[in-house]
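Read through the structure below, which is laid out as C-alpha coordinates, and then see the notes.
Numbering (my numbering), first residue to last: 2 to 112.
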(Lines of atoms letter the chains of each structure in order from A and count residues from 1; the text may use other names and numbers.)
(Lines give C-alpha, C1' and ligand atoms only; values in the text may rest on other atoms or scores of the structure.)
Protein backbone atom coordinates (compact mmCIF):
# COMPACT_ATOMS: atom_id res chain seq x y z
CA UNK A 1 0.00 0.00 0.00
CA UNK A 2 0.96 3.60 -0.38
CA UNK A 3 1.52 6.22 2.26
CA UNK A 4 -0.53 8.89 0.52
CA UNK A 5 0.42 12.54 0.93
CA UNK A 6 -1.37 14.07 3.88
CA UNK A 7 -3.03 17.41 3.37
CA UNK A 8 -5.24 19.55 5.57
CA UNK A 9 -8.46 19.36 3.56
CA UNK A 10 -7.89 22.65 1.77
CA UNK A 11 -6.27 21.07 -1.28
CA UNK A 12 -7.98 21.87 -4.56
CA UNK A 13 -8.87 18.23 -5.25
CA UNK A 14 -10.67 17.77 -1.92
CA UNK A 15 -14.12 18.47 -3.37
CA UNK A 16 -13.78 18.45 -7.19
CA UNK A 17 -16.45 18.73 -9.83
CA UNK A 18 -17.48 15.39 -11.40
CA UNK A 19 -15.42 16.21 -14.51
CA UNK A 20 -12.31 16.95 -12.45
CA UNK A 21 -12.91 13.88 -10.27
CA UNK A 22 -12.87 11.67 -13.37
CA UNK A 23 -9.50 13.08 -14.40
CA UNK A 24 -8.06 12.84 -10.90
CA UNK A 25 -9.09 9.19 -10.69
CA UNK A 26 -7.60 8.31 -14.07
CA UNK A 27 -10.82 7.44 -15.88
CA UNK A 28 -9.90 6.51 -19.44
CA UNK A 29 -10.96 9.23 -21.86
CA UNK A 30 -11.50 11.85 -19.15
CA UNK A 31 -10.44 15.36 -20.09
CA UNK A 32 -7.61 16.29 -17.69
CA UNK A 33 -8.18 20.06 -18.12
CA UNK A 34 -10.60 20.55 -15.17
CA UNK A 35 -8.27 18.70 -12.80
CA UNK A 36 -5.17 20.47 -14.11
CA UNK A 37 -6.90 23.83 -13.60
CA UNK A 38 -7.60 22.97 -9.96
CA UNK A 39 -4.01 21.84 -9.45
CA UNK A 40 -2.63 25.08 -10.87
CA UNK A 41 -4.02 27.04 -7.92
CA UNK A 42 -3.32 24.44 -5.23
CA UNK A 43 -0.71 25.18 -2.54
CA UNK A 44 0.15 21.46 -2.38
CA UNK A 45 0.92 21.02 -6.09
CA UNK A 46 4.68 20.49 -5.65
CA UNK A 47 4.37 17.96 -2.83
CA UNK A 48 1.62 16.12 -4.69
CA UNK A 49 3.62 16.00 -7.94
CA UNK A 50 6.73 14.76 -6.14
CA UNK A 51 4.71 12.01 -4.49
CA UNK A 52 3.16 10.98 -7.82
CA UNK A 53 6.58 10.85 -9.48
CA UNK A 54 7.76 8.43 -6.80
CA UNK A 55 4.73 6.16 -7.20
CA UNK A 56 3.06 4.56 -10.19
CA UNK A 57 -0.40 6.13 -10.00
CA UNK A 58 -3.17 6.79 -12.48
CA UNK A 59 -4.81 10.11 -13.15
CA UNK A 60 -3.90 13.71 -12.46
CA UNK A 61 -1.62 14.35 -9.49
CA UNK A 62 0.24 17.56 -8.73
CA UNK A 63 -0.71 19.21 -11.99
CA UNK A 64 0.59 16.31 -14.08
CA UNK A 65 -1.01 13.56 -16.11
CA UNK A 66 0.38 10.04 -16.39
CA UNK A 67 2.05 11.04 -19.68
CA UNK A 68 3.52 14.18 -18.11
CA UNK A 69 5.06 12.14 -15.30
CA UNK A 70 6.48 9.60 -17.75
CA UNK A 71 8.06 12.47 -19.71
CA UNK A 72 9.50 14.04 -16.55
CA UNK A 73 10.99 10.69 -15.52
CA UNK A 74 12.47 10.11 -18.98
CA UNK A 75 14.18 13.53 -18.96
CA UNK A 76 15.54 13.26 -15.44
CA UNK A 77 17.49 10.90 -13.25
CA UNK A 78 14.38 9.93 -11.32
CA UNK A 79 14.07 6.17 -10.94
CA UNK A 80 11.07 4.56 -12.54
CA UNK A 81 8.41 3.64 -10.00
CA UNK A 82 7.85 -0.06 -9.36
CA UNK A 83 5.95 -1.66 -12.21
CA UNK A 84 3.13 -4.15 -11.97
CA UNK A 85 2.53 -7.41 -13.83
CA UNK A 86 0.91 -7.03 -17.24
CA UNK A 87 -2.11 -9.08 -16.20
CA UNK A 88 -2.89 -6.78 -13.31
CA UNK A 89 -2.32 -3.74 -15.51
CA UNK A 90 -4.85 -5.14 -18.01
CA UNK A 91 -7.35 -5.62 -15.19
CA UNK A 92 -6.85 -2.08 -13.93
CA UNK A 93 -7.26 -0.67 -17.45
CA UNK A 94 -10.48 -2.64 -17.87
CA UNK A 95 -11.76 -1.27 -14.56
CA UNK A 96 -10.84 2.29 -15.54
CA UNK A 97 -12.75 1.95 -18.80
CA UNK A 98 -15.89 0.98 -16.88
CA UNK A 99 -15.91 3.97 -14.52
CA UNK A 100 -18.51 6.57 -15.45
CA UNK A 101 -18.14 10.30 -14.92
CA UNK A 102 -20.52 10.42 -11.98
CA UNK A 103 -18.87 7.53 -10.14
CA UNK A 104 -15.10 7.98 -10.29
CA UNK A 105 -12.79 5.79 -8.24
CA UNK A 106 -9.14 6.21 -7.38
CA UNK A 107 -6.92 3.53 -8.81
CA UNK A 108 -3.32 3.12 -7.78
CA UNK A 109 -0.93 0.64 -9.26
CA UNK A 110 0.25 -1.87 -6.71
CA UNK A 111 3.90 -1.86 -5.78
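For each residue, glycine too, the CB sits at the ideal point set by N, CA and C.
- The alpha-carbon separation between residue 18 and residue 69 amounts to approximately 22 Å.
- In the three-state DSSP reduction, residue 46 falls in the helix class (H, G or I).
- Note that the C-beta distance between residue 60 and residue 27 is below 7 Å.
- CA-to-CA, the gap between residue 22 and residue 74 works out to about 25 Å.
- Secondary structure note for residue 75: its alpha helix (DSSP H) is the uninterrupted segment 67 to 75.
- For the options 58, 43 and 50, the alpha carbon positioned closest to that of residue 9 is the one of 43.
- Annotation for residue 36: 21, 24, 25 and 61 place their beta carbon closer than 6 Å to its own, counting only its chain and skipping 5 residues before and after.
- For residue 65 against residue 50, the beta-carbon gap comes to about 6 Å, under 8 Å, which counts as contact.
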